[in-house]
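Have a look at the structure below, then the notes.
In the working numbering, the protein residues as written are 2 to 122.
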């Protein structure tokens with residue numbers, strides 16, 4: 002019985018630590034979307050065309066894995082922010098969107114999964 006309880010605790014600990022850091026959950030995505038200078042700076046980082054802030058560098062490092070796993074390690078807040086950001090950039094900055102897609106999904110292998118992610122609640 003003790004072994005089962007310890008095993009369940011270990012599984013719970015592994016599952017809990019299998020999420021991305023929640024510190025970025027309080028990031029104000031609307032501030033970036035409504036500030037062309039900030040958006041441009043972040044885009045340059047993500048596109049390997051300029052320096053990165055520590056926060057954007059974290060996102061950049063996790064982006065390939067998040068795309069590959071359909072954001073499996075993302076918190077709900079991170080998923081919401083990702084959807085909002087993707088929808089806004091696609092709609093209002095199509096050139097930036099196409100540059101990001103060309104860099105992070107040049108073969109188009111994540112397109113369907115990403116469309117499913119955007120359509121999910």
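Backbone N, C-alpha and C define an ideal beta-carbon position, used for all residues, glycine too.
- When the five nearest sequence neighbours on each side are left out, no beta carbon in the same chain lies closer than 8 Å to the beta carbon of residue 41.
- Less than 9 Å separates the beta-carbon of residue 33 from that of residue 86.
- Take residue 90, set aside five residues on each side of it, and the residues of its chain with a beta-carbon closer than 7 Å to its own are 97, 98, in chain order.
- A direct Cα-to-Cα measurement between residue 120 and residue 35 gives close to 23 Å.
- Within 10 angstroms of the beta-carbon of residue 83 lie 16 or more other beta-carbons, which makes it buried.
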